[in-house]
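For the sequence shown, our numbering begins at 5 and goes up steadily by one.
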Amino acid sequence: MPKKLKTMLSLYNTLSKQKETFKSLNPGKVGMYSCGPTVYGDIHIGNLRAYVLSDTVRRYLEQIGFEVRLIKNITDVGHLTEDDVAQGDSGEDKIEKKALAEKKTPEEIARFYEERFKEVEKEMNIIPAHFFPRATAHVPQMIKIVEGLIEKGFAYEKNGNVFFDVTKFEEYGKLSGNTLENLKVGARLEEHPDKKNPWDFALWLKAPEDHLMKWQSPWSVGYPGWHIECSAMSTEYLGNTIDIHTGGEDNIFPHHEAEIAQTECYTGKQFVRFWLHTRHLLVDGKKMSKSKGNLFTLEDIKGKGFSAMDMRLLLLSSHYRSQMDFSFESLEQARKNFQRINDFVLNLEDVASRNTASAEVFNTSTYQEKFESAMDDDLNTPLALAVTYELVTEVNKKIADNSLSSDDAKKILTLWKRINSVFGFVLSQQAEIPAEIKKLVSEREQARLEKDFKKSDKLRTLIEEKGYILEDTKDGQKIKLAN
5 MPKKLKTMLS LYNTLSKQKE TFKSLNPGKV GMYSCGPTVY GDIHIGNLRA YVLSDTVRRY
65 LEQIGFEVRL IKNITDVGHL TEDDVAQGDS GEDKIEKKAL AEKKTPEEIA RFYEERFKEV
125 EKEMNIIPAH FFPRATAHVP QMIKIVEGLI EKGFAYEKNG NVFFDVTKFE EYGKLSGNTL
185 ENLKVGARLE EHPDKKNPWD FALWLKAPED HLMKWQSPWS VGYPGWHIEC SAMSTEYLGN
245 TIDIHTGGED NIFPHHEAEI AQTECYTGKQ FVRFWLHTRH LLVDGKKMSK SKGNLFTLED
305 IKGKGFSAMD MRLLLLSSHY RSQMDFSFES LEQARKNFQR INDFVLNLED VASRNTASAE
365 VFNTSTYQEK FESAMDDDLN TPLALAVTYE LVTEVNKKIA DNSLSSDDAK KILTLWKRIN
425 SVFGFVLSQQ AEIPAEIKKL VSEREQARLE KDFKKSDKLR TLIEEKGYIL EDTKDGQKIK
485 LAN
């Protein structure tokens, strides 16, 4: 089907706190930035939720005709251990801490976990970003922005440290609601002796002598603050104004709030037009943590017998703005749903390969309209999946009573490919059945014809023990590889 640019897509903008009709800055083109990983360890399934969101946004935008340029950064310096809990300007660099623990260099740690991250994205069938800029490769760009902020009076230097003065940006807090008034009455903020105000945040920090990652700057030998990195890399590759910026809700404050402040003060232009954030993923109703033993990676999921596609379907089964409660029971249901979809496609391909006719004509346009209506409503993937399950049910009934023509099967497969270009599922192909199994199937068919049901049941059990599923249909026996 030819691509046709649509403008009916509505997205919930964290900035405006409401749904808005999406319109890109440059007609037909979308600049998109996704906060990537801090590469000091394996990403967990909560991180995956944010990356599947950005992938879904990109896939749907491309399907409806936009040309998307996606940048996903690699944070390999400057993310301190206190950054996630406060306006942190102290604590150890997460990568350095890991490097010291494993007796490796920070670069060895960063490159190792960067590759692990990309392998996980590949397994999850997340389309690679157009570029994965590393923070360590963009320190000159960061220094340039910091210099500009000092010149314009939005930042100040003391004792080799540079901080952004949030009192100089009247709109500070417009994303998170953490305005200066709210911060003054109780937000937990990290004190630093060189700050004018406790809520100011670091742009550049002077490095202690034993700090491993440090660069020369006009103010000191030091390293950049975590927030300035994304501003430097996003403007370098997408310009001063981005159409869409995605991330998890834990990034809203202080990280994304700081990005807005420093970037808009430096460029004088709106930084991001649409902010999209995923809600937290809980595990059995509790926040993930290593101490609770409920922090799972994709490897953990696979170790329990599930696939990356089971996980992908589960993540799409909950709306990205709804808090999601993960359990292995819900993952088991996702596995069953994925197998149902897989079987549906294999059965369709089987019908499409025959030369069959039917007096009935299957209407695919209704399902396409329902699917697009769901996606246009703030990427409502649970509803889009419900439409898909409805399609599967109706088609399976028609296949069962032999009322689906091969031409209609081909039309439905075309619709499925369009739907799946958004879902991004990698389906199992029909495996080649070994001669030994085919022989057992033939023997069982003969036993059934001879009404030797004891032998027939014994052969079915033997076939299943060898890892195959046998189905008796109106068209005869069907054999497929079990998952």
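Note that CB positions come from ideal geometry on N, CA and C, so glycine has one too.
{"query": "Pick from K415, Y160, G428, T245: whose alpha carbon is nearest that of L318?", "result": "G428"}
{"query": "Go to R358, then tell me how far its alpha helix (DSSP H) extends in each direction, as first and last residue.", "result": "Unbroken run through R358: none, as it is neither H nor E."}
{"query": "Can you grab the Cα-Cα spacing for the pair V89 / L187, in whole Å?", "result": "With a pLDDT of 44 at V89, under the threshold of 50, the modelled position of that residue is not reliable, and no figure is offered here."}
{"query": "To the nearest angstrom, how far is it from the Cα of G157 to the Cα of K172?", "result": "8 angstroms"}
{"query": "Does DSSP put N406 in a helix, a strand or coil?", "result": "coil"}
{"query": "Enumerated in chain order, which unbroken segments of the alpha helix (DSSP H) with a length of 4 residues or greater are wholly contained in the region 84-144?", "result": "98-106, 110-127"}
{"query": "Please check the pair M36 and D247, which I expect to be a contact at CB under 8 angstroms, by giving their CB distance rounded to whole angstroms.", "result": "6 angstroms"}
{"query": "Out of curiosity, what's the CA-to-CA distance linking N182 and L57?", "result": "25 angstroms"}
{"query": "Per DSSP, which one or two residues make a beta bridge with S38?", "result": "K76, T250"}
{"query": "Here's the rule I'm using: 16 or more other beta-carbon atoms within 10 Å means buried, otherwise exposed. How should M12 be labelled?", "result": "exposed"}
{"query": "Which residues mark the beginning and the end of the alpha helix (DSSP H) in which V276 is found?", "result": "From DSSP, V276 is part of no alpha helix (DSSP H) but of the beta strand (DSSP E) over 276-282."}
{"query": "May I ask you to verify whether the region 192-210 touches the region 157-170, counting CB pairs closer than 8 angstroms and requiring at least 3?", "result": "yes"}
{"query": "Take P41 and list the residues in its own chain whose beta-carbon comes closer than 6 angstroms to its own, dropping the five residues that flank it on each side.", "result": "I47, F121"}
{"query": "Enumerate in chain order the residues of its own chain whose CB-to-CB distance from G452 is below 7 angstroms, with the five nearest sequence positions on each side excluded.", "result": "Checking the sequence shown, residue 452 turns out to be Arg, not Gly. Same-chain partners within the cutoff: S460."}
{"query": "CA-CA distance, K273 and K148?", "result": "17 angstroms"}
{"query": "On a Cα-Cα basis, can you pick out the residue from H281, A139, A388 that is closest to L179?", "result": "H281"}
{"query": "N351: buried (16+ other C-beta within 10 angstroms of its C-beta) or exposed?", "result": "buried"}
{"query": "For P222, which three-state DSSP category applies?", "result": "coil"}
{"query": "Just how far apart, CA to CA, sit K482 and A388?", "result": "30 angstroms"}
{"query": "Three or more C-beta pairs closer than 8 angstroms, one from the region 404-411 and one from the region 345-363: is that the case here?", "result": "yes"}
{"query": "Can you give me the C-alpha to C-alpha distance between A262 and E106, rounded to a whole angstrom?", "result": "32 angstroms"}
{"query": "Whole angstroms are fine: how far does the CA of P137 sit from the CA of G374?", "result": "One point to set straight first is that residue 374 is Lys, not Gly, in the sequence displayed. If I take the Cα positions, the gap works out to 38 angstroms."}
{"query": "To the nearest angstrom, how far is the alpha carbon of T465 from that of A139?", "result": "57 angstroms"}
{"query": "Tell me, which residues are paired with Y393 by DSSP?", "result": "Paired residues: none, contrary to the question."}
{"query": "Check whether the region 62-79 and the region 302-310 touch, using three or more Cβ-Cβ pairs below 8 angstroms as the test.", "result": "no"}
{"query": "For V365, I'd like the list of residues in its chain whose CB is within less than 7 angstroms of its CB, leaving aside the five on either flank, ordered along the chain.", "result": "D412"}
{"query": "Just to confirm, is the Cβ distance from V430 to N129 under 9 angstroms?", "result": "yes"}
{"query": "Ignoring anything shorter than 3 residues or poking outside the region 187-216, list the beta strand (DSSP E) runs there in chain order.", "result": "205-210"}
{"query": "Spatial neighbours of P110 within its chain, please: C-beta separation below 6 angstroms, excluding the five flanking residues on both sides.", "result": "I99, E100, A103, L216, M217"}
{"query": "If you draw a straight line from the alpha carbon of A211 to that of F167, how long is it in whole angstroms?", "result": "15 angstroms"}
{"query": "Under the three-state reduction of DSSP, which class applies to F427: helix, strand or coil?", "result": "helix"}
{"query": "L74 to P132, Cα distance in whole Å?", "result": "9 angstroms"}
{"query": "On the DSSP bridge assignment, give the partners of L474 in chain order.", "result": "I483"}
{"query": "Taking the straight line between their C-alpha atoms, what separation do you get for A390 and V349?", "result": "16 angstroms"}
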